[in-house]
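Structure record follows, encoded as structure tokens.
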Amino acid sequence: MPEPLWPLLSQKNGFYAFESALHIFPWGTDGKEGAAFWNGDDLWIKEYGEPVRDLTFFAEDAFGFQFALGKNGFWSFDPETAERELICRNIAEWASLIIEDFEFRTGFPVMHQWQQANGQLPAGRRLAPAVPFFLGGEFDARVMRMKDSVELLRFRADIYRQVKDLPDGAQIKLRIEP
């Protein structure tokens, strides 16, 4: 386990919070829920290449947007655009940031509404809109679909690779293959 994560994971090694809107990966476990599995090159990380090379992912929000440990601190990672943002310097600041703005940072309101209508979201699943957020998709429980977390990130990586070199405002025609 990376030392900067110790204060959090020594208290509870892997958990869901805010009605599963926030998923903290367990460290040192085998299986599909563990951080070692999640950070494996063969899973989804290789699909992004350079934008994620120096990040270690430890959590995700309701929509599969990632939180990571990297150079200089803690980062958020948008899997639709591969944009990353340094959001704080240590795990205590990260936890405070999440708690102080959990509705925005975790997607809690949408997750709550979706689960009220559809039941509990199973482990290994996240919510995704029919239209990607960066193309105008809505943060609305009524348009969300449950997706396998890995497949969702691979799908988003494919979209990212198709649009990453296009100028702002370009017409987009996505190619979706089975």
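Position 25 of the sequence shown, counting from 1, maps to 59 under this note's numbering, and the rest follow consecutively.
Even for Gly, the Cβ is constructed at its ideal location relative to N, Cα and C.
Since the structure is predicted, the reported quantities are computational estimates derived from the model, not experimental observations.
>> Considering only their Cβ atoms, is the gap separating proline 163 from glycine 171 smaller than 9 angstroms?
In response: Numbered from 1 along the sequence shown, position 137 holds the residue referred to as residue 171. Numbered from 1 along the sequence shown, position 129 holds the residue referred to as residue 163. In this structure, proline 163 lies closer than 9 angstroms to glycine 171 by Cβ.
> Between the C-alpha atoms of lysine 105 and arginine 139, what's the straight-line distance to the nearest angstrom?
Replying inline: Residue 105 sits at position 71 when you count from the first residue of the sequence shown. Residue 139 sits at position 105 when you count from the first residue of the sequence shown. When rounded, the distance between both Cα atoms is 21 angstroms.
>> Measuring alpha carbon to alpha carbon, tell me which residue in Asp95, Asn124 and Ala70 is nearest glutamate 37.
In response: For this step, residue 37 is matched to residue 3 along the sequence shown. Looking at the Cα atoms, Asn124 is the closest of the given residues.
>> If contacts are defined as beta-carbon pairs under 8 angstroms, then arginine 118 and proline 143 qualify, I think. What distance do you get, rounded to the angstrom?
In response: Position 84 of the sequence shown, counted from the start, is the residue given in the question as residue 118. Position 109 of the sequence shown, counted from the start, is the residue given in the question as residue 143. Beta-carbon to beta-carbon, arginine 118 and proline 143 are separated by about 24 angstroms, too far to satisfy the 8 angstroms threshold.
> Using CA coordinates, which residue listed in Asp88, Ile133, Tyr50 and Ala116 is at the minimum distance from glutamate 94?
Replying inline: Numbered from its first residue, the sequence shown carries residue 94 at position 60. Ranking Asp88, Ile133, Tyr50 and Ala116 by Cα distance to glutamate 94 puts Tyr50 first.
>> Just list the residues that DSSP pairs isoleucine 58 with in beta bridges.
In response: Locating residue 58 in the sequence shown gives position 24, where the first residue counts as 1. For isoleucine 58, which the question treats as bridged, DSSP gives the partners Phe49 and Ala93.
> Residues bridged to threonine 163 by DSSP?
Replying inline: Walking along the sequence shown from the start, residue 163 turns up at place 129. It should be noted that the sequence gives proline, not threonine, for residue 163. Paired residues: Met178.
> Which class does tryptophan 109 belong to by DSSP, given the choice of helix, strand or coil?
Replying inline: In the sequence shown, the residue the question calls residue 109 occupies position 75. Of the three classes helix, strand and coil, the one that applies to tryptophan 109 here is strand, per DSSP.
> Would you say alanine 93 faces chain B, with C-beta separation under 9 angstroms as the test?
Replying inline: No chain B is present in this structure, which holds just one protein chain.
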